[in-house]
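Notes to accompany the following structure.
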Amino acid sequence: MTMLSSAWTAPSSIGTLPDAAAAFGLSDAYQATKFTIFAQVLELLDLRNIAADASSARAVRTTIEEGIQRQALREGLALNSAERVWLADDIYHEITGLGPLDPLLADPSIDDIIVNGARHVFVERAGQLEIAPARFRDDAHLMTIIQRIVSAIGRRVDEASPFVDARLADGSRVNVIVPPIALDGPMLSIRKFKPEPMTGQEYVRTGAMDDAMLAFLANAVESRLNILICGGTGSGKTTLLNTLSGYIGERERLITIEDAAELRLRQSHVVRLETRPPTLDGAREVPARDLLRNALRMRPDRIILGEVRGTEAVEMLQAMSTGHAGSMATVHANSDREALSRIEMLLNFGGLQTDLKTLRRYIASSIELIVHIQRMGDGRRRIHSIAEVMGLEGDTFVLNQLYRFVPVSPMSGEGGFEQLSNRPFFADRLKRPVSVAQGWAA
981 MTMLSSAWTA PSSIGTLPDA AAAFGLSDAY QATKFTIFAQ VLELLDLRNI
1031 AADASSARAV RTTIEEGIQR QALREGLALN SAERVWLADD IYHEITGLGP
1081 LDPLLADPSI DDIIVNGARH VFVERAGQLE IAPARFRDDA HLMTIIQRIV
1131 SAIGRRVDEA SPFVDARLAD GSRVNVIVPP IALDGPMLSI RKFKPEPMTG
1181 QEYVRTGAMD DAMLAFLANA VESRLNILIC GGTGSGKTTL LNTLSGYIGE
1231 RERLITIEDA AELRLRQSHV VRLETRPPTL DGAREVPARD LLRNALRMRP
1281 DRIILGEVRG TEAVEMLQAM STGHAGSMAT VHANSDREAL SRIEMLLNFG
1331 GLQTDLKTLR RYIASSIELI VHIQRMGDGR RRIHSIAEVM GLEGDTFVLN
1381 QLYRFVPVSP MSGEGGFEQL SNRPFFADRL KRPVSVAQGW AA
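Adding 980 to a residue's 1-based position in the sequence shown gives its number in our numbering.
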């Protein structure tokens, strides 16, 4: 057995990445052999004429397998069938896809892919980060894959434009930062897109909320309450927004506005809008505020804003308070009160100048329910609280806490949900009345 073969540990199942591949595809000897065969195969293929059909795929695959056979004979490599399949897959991904990223993108258990330079690849599964059984040959190899990603969406990344934040064709979000800004090599993160939004019952099964909370939130959505979802980075705000949007009526006209389109509403009458940064060819920026202003002229029943992060907060609250009841949005904030403070700040940035009490009264009359979601210390997501915005006492927001998560210990994902005894002030507006049986006084 050669040194190369002994450096490989063939996976027991080619389709399972985590443990089986850890040693197999990461050795320097493996990478050297892979790219030797890769270069030979490229000389035999006209990549411009490779069509996306089965016959072309078979032709590429056959050429790769023949290249592996020649190299094995030339170098005296003792490759078993599993090693040959793995190597062929790897080279095929390099030619037709995104190289080491392809198996990670195809794995449904992976939510995020994080690449910190050529040799450090991580994935997130079920809220937990782990080292991925993948690597790039060097930074040049990683940059080749990055350029393949960004060029497919009409973007460019280089020293002059070292950042890219965009959406892939399948809806996944990609962020790239490259040297000289990134000191340790190119950095890439991909938040994978789920083609089907999570249903309410699927969401409950994750442990993020219980059945009573789902029933209440579904009731609130159907009853056209204005809802603000808040949470930190990676807490699952968009996933929750997607799930709750599933309870909007089929006949309603919906307009979604996002920086990177992630929402997938099942209703038939949906208009999806996406912001646009300034482009290299001189096309002007289209910010969320412009899209919201235009959306208000499009006869929407509801407007759903992926995230309030700038001056568009003015138009969002205008929509909530002037005939578009049931609108929803998310905001980056670590508590319900912090969410209200952030909206207040964004309204000021947007030019809404008035005294503090009037501004807060406007906010309290527009936002009716705040759902705070949190990523716990063990990686699990939990709805931390659901609160009703009741109004002001003096110039202080009055919140009515309806549900909360009670952890066993601080930041622990273990714990339970508690329904508080405070009956919502808007209870009489709900389509399905809340009752004593649901834990609230009549």
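Glycine residues also receive a C-beta, built at the ideal position from the N, C-alpha and C atoms.
DSSP state of residue i mapped onto helix, strand, coil
i: G1180; result: helix
i: F1196; result: helix
i: A1106; result: coil
i: N1222; result: helix
i: D1087; result: coil
i: Y1072; result: helix
i: V1378; result: strand
i: E1139; result: coil
i: E1398; result: strand
i: I1048; result: helix
i: I1343; result: helix
i: T1334; result: coil
i: S1365; result: strand
i: I1017; result: helix
i: Y1010; result: helix
i: L1308; result: For clarity, residue 1308 is Met in the given sequence; the question names Leu instead. Of the three classes helix, strand and coil, the one that applies to M1308 here is strand, per DSSP.
i: S1169; result: strand
i: R1041; result: helix
i: L1372; result: strand
i: R1238; result: In the sequence on display, residue 1238 carries Glu and not Arg. If DSSP states are grouped into helix, strand and coil, E1238 belongs with the strands.
Residue i versus residue j - alpha carbon distance
i: I1237; j: K1172; result: 19 Å
i: R1317; j: V1137; result: 39 Å
i: A1002; j: I1093; result: At A1002, the pLDDT of 45 sits below 50, so the modelled position is not reliable; the number obtained from the coordinates is stated separately. Going from the Cα of A1002 to the Cα of I1093 covers about 16 Å.
i: F1102; j: V1369; result: 40 Å
i: A1319; j: E1242; result: 22 Å
i: A1407; j: A1086; result: 45 Å
i: G1097; j: D1164; result: 6 Å
i: A1114; j: T1376; result: 52 Å
i: R1128; j: G1107; result: 28 Å
i: N1380; j: L1400; result: 9 Å
i: G1374; j: R1341; result: 10 Å
i: E1182; j: A1195; result: 13 Å
i: G1079; j: R1135; result: 20 Å
i: R1412; j: R1277; result: 32 Å
i: A1009; j: L1057; result: 11 Å
i: T1186; j: S1089; result: 13 Å
i: R1028; j: M1356; result: Note that R1028 scores a pLDDT of 47, beneath 50, so its modelled location is shaky; the value from the coordinates is reported in the next line. For R1028 and M1356, the distance between alpha carbons rounds to 48 Å.
i: A1019; j: G1047; result: 10 Å
i: P1404; j: L1382; result: 7 Å
i: L1390; j: Q1011; result: Looking at the sequence itself, residue 1390 is Pro, so the reference to Leu does not match. Using only the alpha carbons, I get a separation of about 45 Å.
i: A1198; j: Y1227; result: 6 Å
i: V1156; j: L1372; result: 43 Å
i: D1091; j: G1077; result: 19 Å
i: D1070; j: I1283; result: 44 Å
Range covered by the beta strand (DSSP E) that runs through residue i
i: N1096; result: D1092 to N1096
i: D1145; result: F1143 to R1147
i: S1349; result: Checking the displayed sequence, the identity of residue 1349 turns out to be Leu instead of Ser. L1349 to R1355 is the extent of the beta strand (DSSP E) around L1349.
i: S1389; result: Here S1389 belongs to no beta strand (DSSP E), and DSSP marks it neither H nor E.
i: E1287; result: R1282 to V1288
i: T1213; result: Segment: none, T1213 is in no beta strand (DSSP E) and carries neither H nor E.
i: R1231; result: No beta strand (DSSP E) contains R1231, which DSSP labels as neither H nor E.
i: E1254; result: V1250 to E1254
From the options, residue whose alpha carbon lies closest to that of residue i
i: L1234; options: A1195, A1309 and P1160; result: A1309
i: L1053; options: V1130, T1013 and L1109; result: T1013
i: H1312; options: P1142, E1348 and I1353; result: I1353
i: L1024; options: R1041, A1009, Y1010 and S1141; result: R1041
i: G1306; options: T1219, R1341, R1409 and A1062; result: R1409
i: L1122; options: P1159, M1189, L1220 and V1021; result: P1159
i: S1315; options: I1017, S1365 and I1283; result: S1365
i: S1225; options: S1248, R1050, R1117 and Q1049; result: S1248
i: A1240; options: F1116, E1230, T1218 and I1347; result: T1218
i: T1016; options: A1039, A1037 and R1050; result: R1050
Residue range of the unbroken alpha helix (DSSP H) whose run includes residue i
i: R1273; result: A1268 to A1275
i: H1121; result: D1119 to A1132
i: T1186; result: No alpha helix (DSSP H) contains T1186, which DSSP labels as neither H nor E.
i: R1322; result: D1316 to F1329
i: V1158; result: From DSSP, V1158 is part of no alpha helix (DSSP H); its letter is neither H nor E.
i: L1297; result: A1293 to S1301
Check: residue i C-beta below 7 Å from any heavy atom of the ligand COA
i: R1105; result: What this structure holds is no ligand at all, so the ligand COA is not there to describe.
### Task
Say whether the stretch 1296–1311 touches the stretch 1268–1278, bearing in mind that this needs 3 or more beta-carbon pairs closer than 8 Å, one atom from each stretch.
yes
### Query
With a cut-off of 8 Å, do at least 3 Cβ pairs link the stretch 1275–1291 to the stretch 1317–1335?
The answer is yes - the stretch 1317–1335 touches the stretch 1275–1291, with three or more Cβ pairs under 8 Å.
### Task
Examine the Cβ distances between the stretch 1325–1337 and the stretch 1167–1181 and report whether three or more of them are shorter than 8 Å.
no
#### Entry: At least three beta-carbon pairs within less than 8 Å, the stretch 1331–1343 to the stretch 1355–1367
no
#### Entry: Cβ contact check for the stretch 1193–1210 and the stretch 1240–1254: 3 or more pairs under 8 Å
no
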